[in-house]
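In my numbering, the protein residues as written are 486 to 1343.
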């Protein structure tokens, strides 16, 4: 027994780290933005994001940023705001009081027709807000001016600017056109249809927000936020310490406020703060994209992107964020053990330092586990083993070198190193006589002994003997990093075989073939009988079993879903929140988020961007319906929009009625070479980052005309002429020639009569190519590779010459002249017993194949 070498009680240390935060990605001018001073963002009908800056517009499709200036049609380089219209166009306001429209369908800019009327506004006032009603009348008010102007659709200018004498009111027309402006009583008599409050002054900003159901009202004047009910009765006033730059509706239950050097705050309509984003930035807009990601524009720092706002980060200050283990006590308090040797405890939304070693222990991982059986929190960082209760820390021993603490919380705690140790009543007992030679990663109680997770698989330690279970079942010979036990089942996290489940004498695996994100697993966590979480090097998985082990469903969550890294070290579940330990720190994911990862993102904006015919771009796709016979090499470019996972979008495509199977790829272009005459329908789909394909396809019709020599009347003439030639040939005693020469003549004749193309599919550098065999000159073997020479280029594919020769759809057209060369007969220009000439290239003839040359005629 190892008794306590130290009888010292350490009180817990409370050093608070920074609070929870979102995972941001910042874009600025180095990424392609026109400027880091960004005023607005919107998403158009094609899925593109647009950013308004003081140096023009920038669009973004998930791949690249594109800049637009006055040369492209915008009326001023300083663009302030976007106003989306019902027809899909976007009205844009500028610093010089000139409006312009962007049409996503035509992808072009055009100035507003009546911009010249805005010269009637005296002074250098800038736009405050703009609304357009159903009749296309434009309502505009200005910062620093009371009232508004109306630019009617017919060009009539109506001036509603008023003076500021007497009491002033902030008025919002609810139905027509949901528009807020400063006025006095002499303007606007339709009080039944308006929300009006008296104000003492108005300065840099004012607006009124109605939620989607129009049952909540928020009015903002300067730095005050007024909350009203539907009866226009004031419920509450919030006062902001920072200047309010702009505000808007976030969803039907929340609104947002952008602050000068105060970030962006999201409130519910009762005034409760829900979130605070970018607290040190001046935020001008927030947008939720089609995938649920958030985009925040700022005045000084460009644009910030949150891939998944449900995922939160809990960093610690000035430390390596790599976490080794997690555990939670019966009060739901989370403990976090780091690789740098410190233990933290989550308090509210912060991490506090709970314990650190009395001296620096480099590379000492903290292993922490709470045991329900004894209501004990144990944690180990070599050489210390410690216990915590009632926020007090006691050292059990300072002479313990182990690799793991057992995860079976309802059993006595076990430690494993070179030997097996068991903790009981503040003492540690050694359960083995001799040390192990194998490296052991984890340990669990088993019948008559212990199960050991090792580099060589699962071993059973029983009565001082060690049994290799991999000899009975090869699955159990994979490296095992973690063991969890729930009921009679053991769950094994392996390196290479996914998750192995051992249920008495039944052993099986759940791997990538069954839907797991990776076969390299690091930890397994079993909070309930039929719910299992698996940490991998490609995110984590949740497995839900039915009443038996045979039926289960798998959900996955990884970098593409919002984690900052795919390397997950440990998992803990508290209520409805999944806590994820990674090499980059601690993250929380609501359970409902992972349940939604199987949903399809229907709005992926898949589109066919371009078509090249014989390397010439076709701007009018209608011309594809009448291509000539020699316009038969077609490249189709396509793309979908995903800001979460742009470079890993999966596509699948096919030519209907020609290809039965789908072709899957991550490429954004497919090329068809030497298509036969006919009518084709190209179909393409995307996978929205989940398990199923989006059923909404895009189609492209292509029609290639036949050459004149392939129409019926030409066939008739050729057939008649061929019959006469054959008759004449035989009539003049051709049968006296060698039978091989006769066969060669018939081969050539039948080839002319039949006239069809033969296509073979090859893959070069991952690109699939449909190759017309009539263009092949010869083939040359290069070990396990094959060089195919055609009239235009050389293709290099991974295949042996013999196996490829057997795949040729027209084998009679080729002849072997050397062990490394196969030539096409009709491409031979000269021949002798030493070589053949093809396209000015000399192809050697070996002795073994000289007789083959006598079988052909030129």
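Here a beta-carbon is modelled for each residue, glycine too, at the ideal position from N, C-alpha and C.
Residue i and residue j closer than 9 Å at C-beta
i            : j            : result
residue 1058 : residue 1035 : no
residue 768  : residue 716  : no
residue 939  : residue 521  : no
residue 762  : residue 748  : yes
residue 817  : residue 849  : no
residue 844  : residue 820  : no
residue 608  : residue 629  : yes
residue 1024 : residue 1002 : yes
residue 1327 : residue 1334 : no
residue 905  : residue 945  : no
residue 808  : residue 824  : yes
residue 1020 : residue 1056 : yes
residue 836  : residue 799  : yes
residue 653  : residue 606  : no
residue 692  : residue 614  : yes
residue 507  : residue 797  : yes
Per DSSP, cross-strand counterpart(s) of residue i
i            : result
residue 1008 : 1020
residue 983  : None; residue 983 has no bridge partner.
residue 945  : 936, 952
residue 968  : 977
residue 596  : 585
residue 785  : Answer is none; residue 785 lacks a bridge partner.
residue 1332 : Bridge partners of residue 1332: none, in fact.
residue 626  : 614
residue 1345 : Nothing can be reported for residue 1345, as the shown portion of the chain is limited to 486 through 1343.
residue 511  : 789
residue 1064 : 1057, 1073
residue 917  : DSSP lists no partner for residue 917.
residue 748  : 744
residue 1326 : 1323
Chain-order list of residues whose beta-carbon lies under 7 Å from that of residue i (same chain, five-residue window excluded)
i            : result
residue 1276 : 1260, 1262
residue 1193 : 1199
residue 1245 : 1256, 1258, 1292, 1293, 1294
residue 501  : For residue 501, the predicted structure reports a pLDDT of 49, less than 50, and the residue's modelled location is therefore unreliable. A value from the coordinates is still provided. Counting only Cβ-Cβ distances below 7 Å, and skipping sequence neighbours, we find 835, 837.
residue 1222 : Low confidence applies here, because residue 1222 scores a pLDDT of 46, under 50, leaving its location unreliable and the question unanswered by this model.
residue 490  : Only weak support exists for where residue 490 lies, its pLDDT of 37 falling under 50; the coordinates are left without a value.
Where the alpha helix (DSSP H) through residue i begins and ends
i            : result
residue 1078 : 1076 to 1080
residue 910  : Residue 910 -> no alpha helix (DSSP H), and no H or E assigned at all.
residue 1287 : 1286 to 1292
residue 1337 : 1335 to 1338
Beta-carbon contacts of residue i that lie in its chain and below 6 Å, excluding the five residues immediately before and after
i            : result
residue 1218 : With a pLDDT of 49 at residue 1218, under the threshold of 50, the modelled position of that residue is not reliable, and the figure given next carries that caveat. So no residue of the chain qualifies.
residue 962  : 942, 955
residue 742  : 729, 732, 750
residue 643  : 635
residue 1164 : 1188
Candidates the options, of which the one nearest residue i by Cα
i            : options                : result
residue 1111 : 1027, 1210, 1162       : 1162
residue 804  : 838, 566, 1038, 1020   : 838
residue 1139 : 1182, 870, 592, 836    : 1182
residue 697  : 706, 593, 733          : 733
residue 1332 : 1304, 1313, 1207, 1341 : 1304
residue 895  : 865, 860, 928          : 860
residue 1033 : 531, 1119, 1069, 986   : 986
residue 525  : 773, 567, 1284         : 567
residue 883  : 680, 969, 864          : 864
residue 1013 : 828, 1249, 971         : 971
residue 1190 : 781, 1115, 622         : 1115
residue 794  : 815, 612, 892, 505     : 505
residue 1247 : 1271, 1265, 1266, 1267 : 1271
Residue range of the beta strand (DSSP E) that includes residue i
i            : result
residue 835  : 835 to 840
residue 443  : Past the edges of the chain, shown from 486 to 1343, lies residue 443, and the structure says nothing about it.
residue 733  : 729 to 736
residue 1308 : 1306 to 1309
residue 873  : 869 to 874
residue 1266 : 1261 to 1267
residue 1111 : Per DSSP, residue 1111 belongs to no beta strand (DSSP E) and is neither H nor E.
Contacting residues, own chain, Cβ-Cβ under 8 Å from residue i (five flanking each side not counted)
i            : result
residue 709  : 722, 723, 724, 725
residue 885  : 487, 865, 867, 868, 869, 870, 900, 902, 906, 913
residue 1337 : 1300, 1301, 1302
Closer than 8 Å: residue i CB and nearest the ligand SAH heavy atom
i           : result
residue 760 : This structure lacks the ligand SAH; in fact it carries no ligand of any kind.
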